[in-house]
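Numbering (this note's numbering), first residue to last: 398 to 615.
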């Protein structure tokens, strides 16, 4: 996987002064991680936006500082204006290309589940991402879960069932349920069939939906 590159320069304007940078189309950035102090940087907002959209949370970004220093990073935090959604600040985590890191990767369901045929239920996805251990350039963009194994209401897809690329290991609980078939909801019946009540009894639906009658308890 080829890294996404972002050219930056060192930033001297800090605190409230960064507002003037944003007005000029420049975005404040930080790079931090093991072995280095936090580095204050800046780059054109349009270039940062393009980089983080391409990288997501799983693809490495090469941060190039003053055309000389380079950091291999992952996007870690994206601050946006609460009202406009405009970018305010981005943090990048420096990583070692040769060491495995823990990363959250999206889980996507694919295929057809035989167990839902005939209205037997619907496929329910419980979690939408799992944590994996992987070297930065081996992190998958997503992990696909094939729901064709869901043949009935008793079958589940667990985290341990996910097929991971070579060099990628599951970091979370292997018994976590990813997906299963949810049976149709049984609606509460309010009509009582004839003959179910004794002579002279009248059915009453209580506040909690339980059937009551005027028969004295025995």
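Backbone N, C-alpha and C define an ideal beta-carbon position, used for all residues, glycine too.
Computed from a prediction, not measured in an experiment: that's the story for all the values here.
>> In chain order, what are the residue ranges of uninterrupted beta strand (DSSP E) at least 3 long that sit wholly in the region 527-565?
In response: 540-543, 553-555
>> For residue 390 and residue 516, what's the separation of their Cα atoms in angstroms?
In response: Coverage of the chain is limited to positions 398 through 615, which leaves residue 390 absent and any answer about it impossible.
>> With a threshold of 8 Å on Cβ separation, who are the neighbours of residue 442 within its own chain once the five nearest residues in sequence on each side are excluded?
In response: 419, 422, 423, 424, 484
> Short check: CB of residue 556 to CB of residue 536, under 9 Å?
Replying inline: no
> What number of angstroms, rounded off, separates the C-alpha of residue 554 from the C-alpha of residue 440?
Replying inline: 43 Å
>> Per the DSSP calculation, residue 499 is bridged to which residue(s)?
In response: 530
> In the DSSP assignment, what are the bridge partners of residue 425?
Replying inline: 439
> If we ignore side chains and look at the alpha-carbon of each, how far apart do residue 558 and residue 552 end up?
Replying inline: 12 Å
> Are the region 453-464 and the region 400-414 in contact at 8 Å, needing three or more beta carbon pairs?
Replying inline: yes
> Under three-state DSSP, which class holds residue 465?
Replying inline: coil
> Could you give the distance in angstroms between the alpha-carbon of residue 509 and the alpha-carbon of residue 520?
Replying inline: 9 Å
> residue 550 to residue 513, Cα distance in whole Å?
Replying inline: 9 Å
> To the nearest angstrom, how far is it from the Cα of residue 496 to the Cα of residue 416?
Replying inline: 37 Å
> By Cβ distance, which residues of its chain are closer than 6 Å to residue 540, with the 5 residues on each side in sequence left out?
Replying inline: 502, 504, 559
> Per DSSP, which one or two residues make a beta bridge with residue 486?
Replying inline: 476
> The beta strand (DSSP E) with residue 575 in it runs from where to where?
Replying inline: 574-579
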